[in-house]
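K.L.:
Numbering (our numbering), first residue to last: 188 to 562.
(1) Helix, strand or coil, according to DSSP, for residue 191 in the structure here?
(2) Just to confirm, is the Cβ distance from residue 536 to residue 560 under 9 Å?
(3) Could you check what DSSP says for residue 334 in three-state terms: helix, strand or coil?
(4) Can you tell me the Cα-Cα spacing of residue 222 and residue 395, whole angstroms?
(5) Who pairs with residue 484 in a beta bridge, going by DSSP?
(6) According to DSSP, which residues form a beta bridge with residue 524?
(7) Check this for me: beta carbons of residue 365 and residue 228, under 9 Å apart or not?
(8) Ignoring anything shorter than 4 residues or poking outside the region 269-325, list the alpha helix (DSSP H) runs there in chain order.
(9) According to the neighbour-count rule (16 or more other Cβ atoms, all chains shown, within 10 Å of its Cβ), is residue 208 buried or exposed?
(10) What separation, rounded to the nearest whole angstrom, lies between the Cα atoms of residue 524 and residue 399?
(11) Would you call the CB atoms of residue 348 and residue 362 closer than 9 Å?
(12) Compare the beta carbon distance of residue 277 and residue 318 with 9 Å and say whether it is the shorter of the two.
(13) By how many angstroms is the C-alpha of residue 242 removed from the C-alpha of residue 315?
(14) What are the boundary residues of the alpha helix (DSSP H) that includes residue 501?
(15) Are the CB atoms of residue 352 and residue 245 nearer to each other than 9 Å?
(16) Are residue 413 and residue 481 close, meaning C-beta to C-beta below 9 Å?
(17) Rounding to the nearest angstrom, what Cα-Cα distance links residue 511 and residue 423 in this structure?
(18) Pick out whichever of 299, 421 and 444 has its Cα sitting closest to the Cα of residue 436.
(19) At 4 residues or longer, and completely inside the region 394-442: list those alpha helix (DSSP H) runs for me, N to C.
(20) Under the three-state reduction of DSSP, which class applies to residue 532: helix, strand or coil?
(21) Would you mind working out which of 408, 483, 375 and 279 sits nearest residue 469, comparing C-alpha positions?
(22) Quick check on DSSP: helix, strand or coil for residue 476?
(23) Helix or strand or just coil, what does DSSP make of residue 464?
(24) Buried or exposed: where does residue 198 fall if 16 or more other Cβ atoms within 10 Å of its Cβ makes it buried?
(25) Is the beta carbon of residue 312 less than 9 Å from the beta carbon of residue 327?
(26) So for residue 349, helix, strand or coil by DSSP?
(27) Name the two residues that bound the continuous beta strand (DSSP E) containing residue 561.
(28) Given this structure, state the Cα-to-Cα distance separating residue 232 from residue 213, to the nearest angstrom.
(29) Once the 5 residues before and after residue 279 are set aside, which same chain residues still bring their CB inside 6 Å of it?
(30) Comparing C-alpha positions only, which one of 359, 397 and 498 sits nearest to residue 302?
(31) Classify residue 465: buried if its beta carbon has 16 or more other beta carbons within 10 angstroms, exposed otherwise.
(32) If we ignore side chains and look at the alpha-carbon of each, how far apart do residue 390 and residue 381 end up?
(33) Starting from residue 490, follow its DSSP beta bridges and name the residues at the other end.
(34) Within the same chain, show all residues whose beta-carbon is closer than 8 Å to that of residue 156, passing over the 5 residues directly before and after it, in chain order.
(35) Give the secondary structure of residue 518 by DSSP, where H, G and I count as helix, E and B as strand, and everything else as coil.
(36) Given residue 289, which residues of its chain have a CB within under 7 Å of its CB, disregarding the five upstream and five downstream residues?
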C-alpha cells in the first residue's frame, strides 16, 4: 500500500513534466511553421520578380532552399527535444542569427531588391527582441549591423528597390505590405506575451496568497496557528489601546483531554480537536480571532468586547460544546472546556494579559472545570 502511494506521488509530477515538454514542443512547432511560411511567401514574391525580369530565375529557388532548409533543421532539432536542454527553449538567438544571415546573403546575391531584405532584418530583430535579454539583443543587433556594413561598404553591389515598371511598383508595394503584416504579427505576439505574463503574475499572486494563508493555519484544526493568533493579539491590543476601546482575550482548554487520548486513542483525540475548533469558529463573531494556542488550548481575541461581554459569549460557547453530540466518534464521549478571560488594560503587553487569562483558566480548573472564570 505504501509502495503504491509512493508510486502515485512520483508518477504525477513526471506526468506534469511530460505534459510541459509536449506543450513547449507544440509552441515551437507553431513558430517554426510560421517562419517557414514567411520564407515561402518571400520566395513567391521573388519568383514574381523573376517573371518580370528584374532578378534571375534561380534567386527564388536558392532563397527558398536556404530559408526552408534552415527552418527544417531547427524544427527537426525541436522535435528531437534538443531545445529543451536550454533555458530559452526557442533558441531565439541562434534562430535570429540564422534568419538575419539569410537576409544579408540575399541582399548581396539579389541586390536588385536588397532593400526588401533589409526590411525583413528589422522584423526578425524586433520579433526576437521580445524573447531576448538586453545582452542577447545587443549581440544580434551587432551581428546584423556588421553584416549590413559589410554588404553596403565592402562590396560594389547596387542595392535597390526597383519601381520603374508597373509590375515592379506593385511588387514593391506587395513587399512592403507583407513586411508590415509581419510587423503587425510581431505586435500581436508581443501582446500575447504580455497577456501571458499578466496571467502568470495573477497566478503567482494567488499562489502566494494561498501559501500565506496556509502558513497561518494550524494543519490539524484549520484555525490560526500560534504564530498568527499571537500576531492578531498584538494587532488588536494595539488598536484597542490606541482607540481606548475594550478588547478581551480568552484562553480555552479542553477538559481532561489526556483522558480522551489515553482512553480513545490519538486519532480520536485529533477528531475531537477538529470538531471543537470547527464548532468554536462557527459560533464566534466574524471579527473575533481564533487560534490554536498549543496542544488542546485555544486562544480567542474579542475586539470591542468588555470582560462581561466576553464571559457571556464564552459561557454560551461552553453550553454549545457541552451539548454537542459526539456519537459519530464514540457513543459515550462527552467534551467540555474551561476558559480564563481577561480584558486589555491601557499599558498591557501581550504577555501580561495572557498571564492573567492563564491564571483565570487555572481558577476555572480548580473550581471543577466546565466553567468560565474572569481575572
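The beta-carbon is built from N, C-alpha and C at its ideal position, and this holds for glycine as well.
P.N.:
Taking the coordinates as given:
(1) Confidence in residue 191 is poor, its pLDDT being 46 and thus under 50, which makes the residue's placement too unreliable to answer from.
(2) no
(3) helix
(4) 38 Å
(5) 440 and 481
(6) 441
(7) yes
(8) 279-296 and 301-316
(9) exposed
(10) 31 Å
(11) yes
(12) yes
(13) 30 Å
(14) 494-509
(15) no
(16) yes
(17) 31 Å
(18) 421
(19) 413-430
(20) coil
(21) 408
(22) strand
(23) helix
(24) Because the pLDDT at residue 198 is just 46, under 50, the model does not fix this residue reliably, and the value given afterwards should be weighed accordingly. It counts as exposed.
(25) yes
(26) coil
(27) 559-561
(28) 29 Å
(29) 315, 318 and 319
(30) 359
(31) exposed
(32) 14 Å
(33) 434
(34) Residue 156 is absent from the model: the chain starts at 188 and stops at 562.
(35) coil
(36) 253, 254 and 257
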